[in-house]
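Before any comments, here is the structure.
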Amino acid sequence: MTGRTGGLRLGYGSNGFSGHRFPDACAVIAGLGYDGVALTLDQPHLDPFADDAVAQTSRAAKSLADHGLAVVVETGSRFVLDPWRKHEPTLVSDGDRQPRIQLLTRAVRIAADLGAEAMSCWSGVLPEGVSSDEGWRRLTDGLGPVLDLAQELDVTVCFEPEPGMHVDTVDEALELRRRLGEPDHLRLTLDLGHLVCNEPRSPQASIAIAGDLIGNVQVDDMVRDVHEHLELGQGTLDLDAVLRALTATGFSGLASVELPRHAHAAPTVAARQITALRASLDRIADPGPEGTA
1 MTGRTGGLRL GYGSNGFSGH RFPDACAVIA GLGYDGVALT LDQPHLDPFA DDAVAQTSRA
61 AKSLADHGLA VVVETGSRFV LDPWRKHEPT LVSDGDRQPR IQLLTRAVRI AADLGAEAMS
121 CWSGVLPEGV SSDEGWRRLT DGLGPVLDLA QELDVTVCFE PEPGMHVDTV DEALELRRRL
181 GEPDHLRLTL DLGHLVCNEP RSPQASIAIA GDLIGNVQVD DMVRDVHEHL ELGQGTLDLD
241 AVLRALTATG FSGLASVELP RHAHAAPTVA ARQITALRAS LDRIADPGPE GTA
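Residue numbering for the sequence shown follows UniProt numbering, starting at 1 and increasing by one per position.
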């Protein structure tokens, strides 16, 4: 990234390499020029509930180190807790929420062991008939032990607002921080596609509001070519403007491509993504004689 605007670095999600062994995925990701991996805790790469989870973590750490890759830990695996119900239970589910809390505390420990830059998580969908106040109570109660352990192990937790979930906007993620006493080690994960589809303001304005609390960024399935403006299902993303807004906050973490449905062509897709992202970063760094990207 030498010579480009700011310290933003590019990563790729391990869930987009589910057909690869993790050492092979790291070799390809590093070989394409990415700076890091967003590692989703799940089969086939690092199962947090496996009997040999500690050994898997050690092997993952070696693969990352061998290729000079930074890492963030993601917890969005679909069926790691319940083979029948996607993402269940969550922090706001009815019934026993302890499996989700256990997953997140294990994720914190794994993040510490890997030297990860962050561990990322989200709220879950509030069940029908459950009040918003009860949702906030469940969420803050569930995150309590996770944040306590993260503070003890010096791990940054990044909370992601997700469309359709109890916390689904930047404003609500910031409200969660306020309800939890604004701990320094609780920051935000932003998904660039969600900024277009789900925020009440422009993506650039949402980024500015989150500001220096942004600790992790996901680049969704929007970067299909090197065009500056990318069409999404519910709007248009000006990639240059969004990346410029991110660098203006001083963000120097990983912006990781998240394409789990493209694992069948992972090397080709990952190469296309980094070409588009680098082109955008180059335009930002060298805006031309008229001073515009």
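Beta carbons: idealized from backbone N, C-alpha and C, even for Gly.
By the Cβ neighbour-count rule, Gln43 is exposed, with fewer than 16 other Cβ atoms within 10 Å of its own. Rounded to the nearest angstrom, the gap between the Cα atoms of Thr105 and Glu117 is 16 Å. When beta bridges are read from the DSSP output, Arg187 appears opposite Cys158.
Secondary structure note for Ser120: its beta strand (DSSP E) is the uninterrupted segment 119-121. Taking the CA atoms as reference points, Leu259 sits about 34 Å from Asp133.
Within the same chain, and ignoring the five residues on either side of Thr40 in sequence, the residues whose Cβ sits closer than 7 Å to its Cβ are Gly13, Ser14, Asn15, Glu74, Gly76, Ser77. Taking the Cα of Asp66 as reference, the smallest distance to any Cα among Asp47, Val92, Gln218, Cys26 is reached at Cys26. Asp238 is the residue among Asp171, Arg179, Asp238 whose C-alpha sits nearest the C-alpha of Gln204. Assignment of Glu74 by DSSP, reduced to helix, strand and coil, places it in the strand class. For the options Pro161, Ser18, Asp171, Leu281, the alpha carbon positioned closest to that of Asp47 is the one of Ser18.
Under the Cβ criterion (8 Å, minimum of three pairs), the region 52-67 does not count as touching the region 92-102. Glu175 is classed as exposed because its beta carbon has fewer than 16 other beta carbons within 10 Å across all chains shown.
By the neighbour-count definition (other C-beta atoms within 10 Å, threshold 16), His264 is an exposed residue. Here the region 208-222 lies against the region 246-257, with 3 or more beta-carbon pairs under 8 Å apart. Cα atoms of Thr156 and Leu186: separation of roughly 6 Å, rounded to the nearest angstrom. Going by beta carbons, Ala255 and Gly11 fall inside the 8 Å limit.
When C-alpha distances from Ala241 are compared across Ile214, Ile274, Leu195, the shortest belongs to Leu195. A direct Cα-Cα distance of roughly 9 Å separates Arg177 from Leu188. Minimum Cα-Cα distance from Phe79 among the listed residues Val72, Pro89, Ala70 corresponds to Pro89.
Secondary structure of Val217 (DSSP, three-state): strand.
Gly36 has Gly11, Ala70 as its beta-bridge partners, per DSSP. Taking all protein chains in view, the Cβ of Trp122 is crowded by 16 or more other Cβ atoms within 10 Å, so the residue is classified as buried.
Taking each of His20, Asp282, Ile284, Leu139 in turn and checking the Cα distance to Leu180, the smallest one comes out for Leu139. When DSSP states are grouped into helix, strand and coil, Asp42 belongs to the strand group.
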